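In the working numbering, the protein residues as written are 380 to 1090.
In structure tokens form, the structure reads like this:
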């Protein structure tokens, strides 16, 4: 059996009506884990919607020749003897076929599960085995209490339920833990998929799980302690969403180690008749697979490697290769929309309701039915009352009448057109206006801005104040965002010191650390000050070890080349993984990229000007992707130069620049990398490509204001 390319976990529901529009408990949640850093979750209000979503995923996996495991949190089978007594065959699929024939489960979740359970009870002696129903539903043959059953001849629990003591019996149809209802409705739905996908689908453990699509029974409560811990870390998170996410992540981790296959092969013989819970008896292994606060390795060990024979790397090539090797390394959490500005959205977010939610008036005026108008000028009687925002007109406006309506008010029944109050002559009882108003004038349709279910914002977007307005208007109280990227900032070199520590002229005050930390914070990340590491291998190793425990990514400055005193690149070569790129850029050149204990390391040049430029050009887009965001490419402004320059071929150059009073681009007086004052003086950069060029005043150049770099 080959591995799976994706693993989905489904928290099922037996509700008899659609779940609330806003994500909530007692609904259907689906988590899909693959090679992404964090499983993606989706919320579904009905069983029909959830099955359609899963069907689409299954079809996609088949088309792309990928394997897909889907786990459902309800029993797939019943205690031994049930299938044979009911169908004449000890075949669980005979039960599946019968349930698909008899269960009626509408698109709005209305269903007949209690009636079907009563009919199934009729096939057995005594009373039962199914029990439980609403007090308002009196169905012959279906007892209200479990203690009222007697003489049906079947075991209360399956072998799998005995292995997981907290599992509820499959006969229970009502109140807390009523997995029996979930099974009746779920099995009927799954049998439809089983027939639809034929040999492309197998059901474990009834069948060998060697098909491209595999269905399995799971039990998220195997991770109840981990779920509780996650809920404590994420106040306001929904338990159902958290538990499918964690179980999907755990099973995906077990697959990577080969343990998932062992779990599937460990099902006892009885499982071929009763079914089995994937992971039963392996709770410790599932919990260990989660590893609290795990920082996923985002990059392959060789993802920074350059093609053989490549020495100098053009800037554009370096950016393209860097972007192709990155992926998010942070987890996901729920935050209140009001506090989500600047956070990175973790998933596509759909509108929970339309905006506007109902047709409304765009102006203050009078509403009426356009079709009732006759030719020429109009005089219409007014109905009593008015329509205002938040205070709608109750009832319908009679044909040939008008109603006073204010901006934002819902359009009453009998109204499809609104005329501006400035275009009307009005008394207390009538209005008069000239002919010519078009049908539908001055009205806004429901969903005119955005319709319910449409994608409001895409995953990876950095949320702006306007985005918060949109999320709120479309019904969201919380947003799923990526946790903040923890960026460790480390400087290296015996020559470095913090201000105030020494006045020795041989010491250099460390300008890079506060500069790089401020950049990280401006980009929305959490900056962790790792201090200054001396030119000592043991001290540097210890500093990197501690940094890897607290940081998602480590940004260093100094020691990125291959010289005798470049200890950072040396220790990464010997004890970690590193690639040193000689980038054709000025200022700058060496860029060290690698790993330490699985944590990505980005090594900047030690010169502050070069470190600043390389941080804007390379670190900003790289950190954005690691944080779950988009790859940022700054957009230049084409503006006239206020300087002269004869540029040599070979390297791309970035000049410290700003605009003068005429809107022309002037550059700092010196291009020297040691002139830190130019960083304070400048308001942007001039980007010059690798080709030779002579620039004269008035020539157009590419100007990148610092705002284009997010600062």
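In this text, a Cβ means the ideal position worked out from N, Cα and C, and glycines have one as well.
Computed from a predicted model, the values in this text were never measured in an experiment.
Those residues which DSSP pairs with residue 783 across a bridge | 745, 765
Top-ranked residue by Cα proximity to residue 1057, from 647, 829, 966, 1012 = If you compare the alpha carbons of 647, 829, 966, 1012 with that of residue 1057, the shortest gap goes to 966.
Determine the burial state of residue 807: buried for a count of at least 16 other Cβ atoms within 10 Å of its Cβ, exposed for fewer.
-> exposed
Distance between residue 792 and residue 518 (C-alpha atoms, nearest Å) | 42 angstroms
Looking at residue 1037 and residue 1077, is the spacing between their C-beta atoms short of 8 angstroms?
-> no
Say whether the region 533–553 touches the region 646–659, bearing in mind that this needs 3 or more beta-carbon pairs closer than 8 angstroms, one atom from each stretch.
-> yes
Looking at the structure shown, is residue 437 part of a helix, part of a strand, or coil, going by DSSP?
-> Note: residue 437 maps to helix in three-state DSSP.
Quick one: what does DSSP say residue 842 is sitting in, helix, strand or coil?
-> coil
Within this structure, are the beta carbons of residue 502 and residue 465 separated by less than 8 angstroms?
-> Yes. Within cutoff.
Using alpha carbons as the reference points, say which of 448, 747, 877, 510 lies closest to residue 498.
-> 510
Below 8 angstroms on the Cβ atoms is my guess for residue 662 versus residue 564; work out the distance and round it to an integer in Å.
-> 27 angstroms between Cβ atoms; not a contact.
Three-way DSSP call (helix, strand, coil) for residue 404 in this model | coil
Environment of residue 562 [buried if 16+ CB atoms lie within 10 Å] | buried
Determine which residues share a DSSP beta bridge with residue 596 and list them.
-> DSSP output for residue 596 lists 451, 656 as bridge partner(s).
Identify, in the order they occur along the chain, each residue of the same chain with its Cβ nearer than 7 angstroms to the Cβ of residue 929, setting aside the five sequence neighbours on each side.
-> Closer than 7 angstroms at the Cβ level, and outside the excluded window around residue 929, lie 865, 867, 907.
Beta carbon of residue 869, beta carbon of residue 922: below 8 angstroms?
-> yes
How would you write the range of the beta strand (DSSP E) that residue 1019 sits in, first residue to last?
-> Taken as a continuous stretch (DSSP letters only), the beta strand (DSSP E) holding residue 1019 covers 1016–1019.
Would residue 903 be called buried (16 or more neighbouring beta carbons within 10 Å of its own) or exposed?
-> Per the 10 Å Cβ criterion, buried.
Does the region 797–816 come within contact of the region 742–750, defined as at least 3 CB pairs closer than 8 angstroms?
-> yes
Going along the chain, which residues of its own chain have a beta-carbon closer than 7 angstroms to the beta-carbon of residue 495, five neighbours each way excluded?
-> Cβ neighbours of residue 495 beyond the five flanking positions: 481, 482, 563.
In the DSSP assignment, what are the bridge partners of residue 823?
-> 739
Identify whether residue 517 lies in helix, strand or coil by the three-state DSSP scheme.
-> coil
Determine the DSSP secondary structure at residue 588, reduced to helix, strand or coil.
-> coil
Please list, in chain order, all residues of the same chain as residue 664 whose beta carbon is under 7 angstroms from its beta carbon, the five residues on each side excluded.
-> 633, 638
Figure out for me which residue from 1020, 523, 767 has the closest Cα to the Cα of residue 514.
-> 523
Nearest-angstrom Cα distance between residue 755 and residue 812?
-> 9 angstroms
Residue closest to residue 846, alpha-carbon to alpha-carbon, out of 719, 774, 913, 775 | 719
Bridge partner(s) assigned by DSSP for residue 1037 | 1045
State the CB to CB distance for the pair residue 723 and residue 839, rounded to an integer number of angstroms; the pair is presumed to be in contact (CB under 8 angstroms).
-> 6 angstroms
Every unbroken beta strand (DSSP E) within the region 877–937, with a cutoff of 3 residues, ordered by chain = 905–912, 932–936
What are the start and end residues of the alpha helix (DSSP H) that includes residue 778?
-> Premise fails: residue 778 is in no alpha helix (DSSP H) and is neither H nor E.
Contact between the region 722–742 and the region 874–892 (3+ Cβ pairs under 8 angstroms) | No, the region 722–742 does not touch the region 874–892.
Applying the criterion that 16 or more other CB atoms from any shown protein chain within 10 Å of the CB defines a buried residue, is residue 1086 buried or exposed?
-> exposed
Quick one: give me the first and last residue of the beta strand (DSSP E) that residue 996 is part of.
-> Taken as a continuous stretch (DSSP letters only), residue 996 belongs to no beta strand (DSSP E), as it is neither H nor E.
Exposed or buried, what is residue 414 when buried is set at 16 or more other beta-carbons lying within 10 Å of its beta-carbon?
-> Residue burial is scored here from C-beta neighbours: residue 414 has fewer than 16 other C-beta atoms within 10 angstroms and is therefore classed as exposed.
Since residue 805 sits in a beta bridge, which residues does DSSP pair it with?
-> For residue 805, which the question treats as bridged, DSSP gives the partners 810.
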